[in-house]
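Those letters in the sequence shown? Residues 305 to 592, per this note's numbering, in order.
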Amino acid sequence: MATTADPEAVKAKTLLGECSAELAGTFILILFGCGVVAQVVAGGGGLGDHDSIAWAWGIGVTLGIYTAGRMTGAHLNPAVTIALAAFRGFSWKKVLPYSVAQFLGAFLAALVVRWNYTEALNKFDPGLTIKSQGVFSTLPGNGSTELGVEMWGGFRDQIIGTAILMFVILAITDLRNTSPAANLAPFIVGLLVVGIGMAWGTNAGYAINPARDFGPRLASFFTGYGGAFKDQFGDLYFWVPIVAPIIGALVGAFLYDLLVGRNLPIADEDEEPGRLPSESGAEGETTT
């Protein structure tokens, strides 16, 4: 008697497929993230504000996770990928391919935003200067020279912000903890990003993700922003949202395990490290 094969049973995951999912998820994230900043900045503040930016970034994270979650769990963030490899047994062999896919997804999405907002950005900032650079990449004090926040203040801020992100992601996705179901976890992580944006956005624009910052920064450089790698003070700043979030993610993962993870009861059954929680077990790796 013939039976219908389960599609999930015959489709083996491949590294190429996983990287494609990471690229697509990060692409969706940046479409909403950079898109909303472009709308607010180019619209002169009449088409949104800081709160709309924070919410759209959170929505972008949620939709990016739903895009890639079944395939990889939607890391969407090299800092998260590295922390999972260091603390959750994620394969180190996949760290570089995942990170490249995440950077490429962010780069391509930023090109789409740059293309779509060409006229508005050129009208608002004909010289494509620091005035509108923040559409694509973060700056200390969000580009302000009056707040007193410079490069090292941004570095500190990114360590703290990404540590919060990683700590709470692990709490959300830890099956031994009070984790939400797999279909709700992306929404909760999106709210986490909204909260970080509203509480930790002043000092450095809450990049908390090397791909989110460097991909769009590179896209802006190739499309006319000659000063994209520097901040408003002329300092070479591009490395800060790359290095500091990686340190922050490692700190956050370490603190979660130290303060919470090691004290939780052992799960009833073994789950693959870093997988999204679900009713029947793991679905995909941890998200951002």
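Where is the CB? At the ideal position from N, CA and C, for every residue including glycine.
Just so you know, these numbers come straight off a predicted model, no measurement behind them.
C-beta contact flag for residue i and residue j at 8 Å
{"i": "V544", "j": "M470", "result": "no"}
{"i": "I334", "j": "P520", "result": "yes"}
{"i": "A405", "j": "F440", "result": "no"}
{"i": "P444", "j": "G458", "result": "yes"}
{"i": "N420", "j": "V453", "result": "no"}
{"i": "G362", "j": "V547", "result": "no"}
{"i": "I570", "j": "I386", "result": "no"}
{"i": "V340", "j": "S356", "result": "yes"}
{"i": "A358", "j": "G501", "result": "yes"}
{"i": "G447", "j": "Q343", "result": "no"}
{"i": "L559", "j": "A486", "result": "no"}
Nearest candidate by alpha-carbon position, reference residue i, set the options
{"i": "D517", "options": "R480, A325, N481 and P382", "result": "P382"}
{"i": "D429", "options": "A325, F533, G528 and T385", "result": "G528"}
{"i": "G373", "options": "G457, I386, L327 and A410", "result": "L327"}
{"i": "V284", "options": "Q437, C323 and Y402", "result": "Since the first residue shown for the chain is 305 and the last is 592, residue 284 is missing from the structure and cannot be characterised."}
{"i": "L412", "options": "R392, G329, L496 and D478", "result": "G329"}
{"i": "I260", "options": "L351, K534, V365 and F459", "result": "The question about residue 260 has no answer here: the residues shown for the chain are numbered 305 through 592."}
{"i": "A553", "options": "I570, N567, L540 and P514", "result": "P514"}
{"i": "L568", "options": "D539, S483 and G530", "result": "S483"}
{"i": "G409", "options": "V555, I550 and T371", "result": "T371"}
{"i": "A475", "options": "R566, S356, W359 and F336", "result": "R566"}
{"i": "L540", "options": "K397, T442 and A467", "result": "T442"}
{"i": "H379", "options": "G531, F331 and I500", "result": "F331"}
{"i": "I463", "options": "G556, G530, A360 and G349", "result": "G556"}
{"i": "C338", "options": "A325, G350, L425 and L320", "result": "L425"}
{"i": "K534", "options": "I434, Y402, S448 and L320", "result": "I434"}
{"i": "G465", "options": "I357, T318, E450 and Y510", "result": "Y510"}
{"i": "M375", "options": "S524, V472 and T318", "result": "T318"}
{"i": "L400", "options": "L320, M502 and I468", "result": "L320"}
{"i": "G347", "options": "L562, K427 and W504", "result": "K427"}
{"i": "G499", "options": "Y402, N487 and I473", "result": "I473"}
{"i": "D603", "options": "D478, G350 and C323", "result": "Nothing in the structure corresponds to residue 603, since the chain is present only between 305 and 592."}
{"i": "L488", "options": "G377, H354, K315 and S324", "result": "G377"}
{"i": "S324", "options": "G349, F407 and L522", "result": "F407"}
{"i": "G505", "options": "S395, K315, Y402 and H354", "result": "H354"}
Residue i - containing alpha helix (DSSP H), residue span
{"i": "D539", "result": "That residue, D539, is in no alpha helix (DSSP H); it is neither H nor E in DSSP."}
{"i": "R566", "result": "No alpha helix (DSSP H) holds R566; DSSP gives it neither H nor E."}
{"i": "T482", "result": "Looking at the DSSP string, T482 is not in any alpha helix (DSSP H), and its letter there is neither H nor E."}
{"i": "F331", "result": "L319 to A346"}
Min CB distance residue i to chain C below 8 Å
{"i": "L415", "result": "Judged by its chain identifiers, the structure shown contains no chain C, having just a single protein chain."}
Open item on the list: Which runs of the alpha helix (DSSP H) at least 4 residues long sit entirely within the region 494–555? Give them in chain order.
Closed with: 514–526
Task: Ranges of the beta strand (DSSP E) found wholly within the region 363–425, counting only runs of at least 3 - done: none
Task: Continuous alpha helix (DSSP H) assignments of at least 4 residues falling wholly in the region 429–455 - done: 434–437
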